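Scroll down for the structure; my scribbles are underneath it.
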Amino acid sequence: MSSGTQTVSPSPSGPWAYFARARSVIPAILLLALALRLGLILGFPISPRTDSLWYLERGREIAAGMGYQEGGFPTAFWPVGYPALIGVATWLFGPTLFGPLLFNLIAQAATILLILWLARRLGAGEGAARLAGLLYALYPAHIAYTGDTAAETTATAVTLAGIALILKGRGGKGLIWALVGALVLGAAMLMRPQTMLLPPFLVGALWVSRGVDWRRALLLMLLIAAGMAVVVAPWTMRNRAVLGAPVLVSTNGGVALQAGANDLADGGYFQVEKSPLWAQVGIPFADRVQRQVEIDRRLKVMATDWIAAHPVRWGLLGVRKVALLWLKDGDGCWSLDASHPERAGLWKIAQGVNQLFYMALLVLAAIGIGRAARAAWAGRQGAAMLVAGVMPLFCTALAFGFTGQTRYHYPAMPFVVILAAWVIARRLGEPSRAPAAMSGHDG
């Protein structure tokens, strides 16, 4: 640390030093995380519903050689990435939930390992990295998500891997790693199309935190865009062939945009097909699959026209969306409650405990972002931790533009635990470290 009073490191024989150094700690964290998740899966199996059931059905159809279709018509309504992954799991392990849930467990283990790597890479320190892994292992909402066939668990792990590879390759002669990271982000984009908007946030944070100069930032942007395009382009070509339009990834962009830009919107979950607004689309709901490209186009026009006519109202609604995004964290228990309504009291207690845990993480992460921003302004150690604020900022921006559904902050939580753990570790006396290969500009 380059300013202020010197922080005294804890005694080498203290519990914090043991936690930060002992080889057994990381395997113990992984075992704890997997045991909690597997225990919930076995003790309270979830019956997939709504989106999760749709993904599961499409994945099984892919495994059966039917392609990505719905009701006999080719589709791209929801992104193909996660149904395709379920298809692989079904092909390998059969048409049960074993394969998809095994992939979820693998994704959760990978997420914890990536949290450890990213925290170290950003200079949080070994103790903070391990604490971040422990906090994530204990995080109730993400324990609950592991038992459902929802896309968030695996999509977040893939996105984290892409970000980690880009950080590994952002300097010196390691651009090959950045290219691999771009390809991985392309795969993440096939799971979550909004990932296409992430690179400017990531590269911008690297530049602001002085991890790259402007030339390197521009090169990274071009490299990432090219790598993502290589992965996504074949799917876009497929859509052009079977849907008659070069749909980049999916046709649900209009639904997502219009859900947060209409007279009935309150900033949260909204189903246009169940509202009086569907009549304005002018297409029978029964034709939604075969005419999805046209529906997507019309909904986008409806949304952009409404925004143009009500810019102030849309802006105020955007603030409400952001508040809704971060206010609660109970979606993870929804599927458990629906599958086991006889345990409603247990799920209410679990939601309460999770909400307290979640709010504590948010407060600590906000403190961490503030410290990192001040360090970046002053050019001090700790500035690289600003990169951990990218995903929370990205999710916030998406909520402002689309809707503030609670589950949309899922991808931000690994970074929230990194920031929270960094603040706690600093309080316990662990100083920030120089981020690996991220100090100074290397153009």
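Sequential numbering from 1 applies to the sequence shown in full-length UniProt numbering. Don't be surprised by glycine CBs; every beta carbon is placed ideally from N, CA and C. Small disclaimer: the values here were computed from a predicted structure and weren't measured.
Apart from the five residues just before and just after residue i, which ones in its own chain have a Cβ nearer than 8 Å to its Cβ?
{"i": "residue 300", "result": "253, 254, 257 and 258"}
{"i": "residue 244", "result": "293"}
{"i": "residue 225", "result": "182 and 199"}
{"i": "residue 193", "result": "79, 248, 249, 250 and 253"}
{"i": "residue 154", "result": "82, 85, 103, 104, 107 and 191"}
{"i": "residue 3", "result": "Any reading at residue 3 must be qualified, since the residue scores a pLDDT of 43, below 50, and its modelled position is unreliable; the value itself is stated next. Within the same chain, residue 3 has close Cβ partners 378 and 380."}
{"i": "residue 152", "result": "145, 407, 410 and 411"}
Kindly indicate which three-state DSSP category residue i falls into: helix, strand or coil?
{"i": "residue 69", "result": "strand"}
{"i": "residue 276", "result": "coil"}
{"i": "residue 450", "result": "The structure shown does not extend to residue 450, since the chain is modelled only from 1 through 443, so no value can be given for it."}
{"i": "residue 199", "result": "helix"}
{"i": "residue 311", "result": "helix"}
{"i": "residue 284", "result": "coil"}
{"i": "residue 74", "result": "strand"}
{"i": "residue 440", "result": "Summary for residue 440: the model assigns pLDDT 40, below 50, so the residue's position carries little reliability; its value from the coordinates is reported in the next sentence. Correct three-state label for residue 440: coil."}
{"i": "residue 128", "result": "helix"}
{"i": "residue 52", "result": "helix"}
{"i": "residue 458", "result": "Given a span of 1 to 443 for the chain in the structure shown, any question on residue 458 remains unanswerable."}
{"i": "residue 142", "result": "helix"}
{"i": "residue 247", "result": "coil"}
{"i": "residue 348", "result": "helix"}
{"i": "residue 98", "result": "helix"}
{"i": "residue 168", "result": "helix"}
{"i": "residue 423", "result": "helix"}
{"i": "residue 176", "result": "helix"}
{"i": "residue 252", "result": "coil"}
{"i": "residue 305", "result": "helix"}
{"i": "residue 328", "result": "coil"}
{"i": "residue 269", "result": "coil"}
Taking the alpha-carbon positions, what's the residue i to residue j distance?
{"i": "residue 210", "j": "residue 114", "result": "22 Å"}
{"i": "residue 284", "j": "residue 321", "result": "29 Å"}
{"i": "residue 407", "j": "residue 14", "result": "39 Å"}
{"i": "residue 200", "j": "residue 122", "result": "18 Å"}
{"i": "residue 141", "j": "residue 425", "result": "23 Å"}
{"i": "residue 100", "j": "residue 356", "result": "30 Å"}
{"i": "residue 349", "j": "residue 232", "result": "43 Å"}
{"i": "residue 495", "j": "residue 366", "result": "Beyond the ends of the chain as shown, which are 1 and 443, falls residue 495; an answer cannot be given."}
{"i": "residue 187", "j": "residue 325", "result": "25 Å"}
{"i": "residue 379", "j": "residue 369", "result": "15 Å"}
{"i": "residue 108", "j": "residue 35", "result": "11 Å"}
{"i": "residue 32", "j": "residue 135", "result": "11 Å"}
{"i": "residue 19", "j": "residue 414", "result": "20 Å"}
{"i": "residue 295", "j": "residue 48", "result": "27 Å"}
{"i": "residue 361", "j": "residue 143", "result": "16 Å"}
{"i": "residue 393", "j": "residue 68", "result": "33 Å"}
{"i": "residue 84", "j": "residue 57", "result": "11 Å"}
{"i": "residue 228", "j": "residue 81", "result": "14 Å"}
{"i": "residue 351", "j": "residue 333", "result": "7 Å"}
{"i": "residue 435", "j": "residue 223", "result": "23 Å"}
{"i": "residue 268", "j": "residue 399", "result": "9 Å"}
{"i": "residue 445", "j": "residue 303", "result": "Any question about residue 445 goes unanswered here, given that the chain covers just 1 to 443."}
{"i": "residue 159", "j": "residue 203", "result": "15 Å"}
{"i": "residue 164", "j": "residue 129", "result": "14 Å"}
Cutting at 7 Å between CB atoms, please list the residues of its own chain near residue i, excluding the five before and the five after it.
{"i": "residue 291", "result": "283"}
{"i": "residue 206", "result": "170, 212, 217 and 387"}
{"i": "residue 383", "result": "209, 210, 372, 375 and 376"}
{"i": "residue 396", "result": "322 and 325"}
{"i": "residue 117", "result": "164"}
By the 10 Å Cβ neighbour count, where 16 or more other Cβ atoms means buried, how is residue i classified, buried or exposed?
{"i": "residue 315", "result": "exposed"}
{"i": "residue 377", "result": "exposed"}
{"i": "residue 24", "result": "exposed"}
{"i": "residue 305", "result": "exposed"}
{"i": "residue 148", "result": "buried"}
{"i": "residue 347", "result": "buried"}
{"i": "residue 336", "result": "buried"}
{"i": "residue 319", "result": "exposed"}
{"i": "residue 271", "result": "exposed"}
{"i": "residue 410", "result": "buried"}
{"i": "residue 416", "result": "buried"}
{"i": "residue 465", "result": "The structure shown does not extend to residue 465, since the chain spans only 1 to 443, so no value can be given for it."}
{"i": "residue 189", "result": "buried"}
{"i": "residue 63", "result": "buried"}
{"i": "residue 96", "result": "exposed"}
{"i": "residue 237", "result": "exposed"}
{"i": "residue 427", "result": "exposed"}
Look up residue i in the DSSP assignment and give the residues it is bridged to.
{"i": "residue 431", "result": "Paired residues: none, contrary to the question."}
Excluding five sequence neighbours on each side, which residues of the same chain lie with their C-beta closer than 6 Å to the C-beta of residue i?
{"i": "residue 364", "result": "420 and 423"}
{"i": "residue 157", "result": "107, 110 and 111"}
{"i": "residue 60", "result": "90 and 95"}
With a threshold of 8 Å between beta-carbons, can residue i be considered close to chain B, or not?
{"i": "residue 110", "result": "Note that chain B does not occur in the displayed structure, where there is just one protein chain."}
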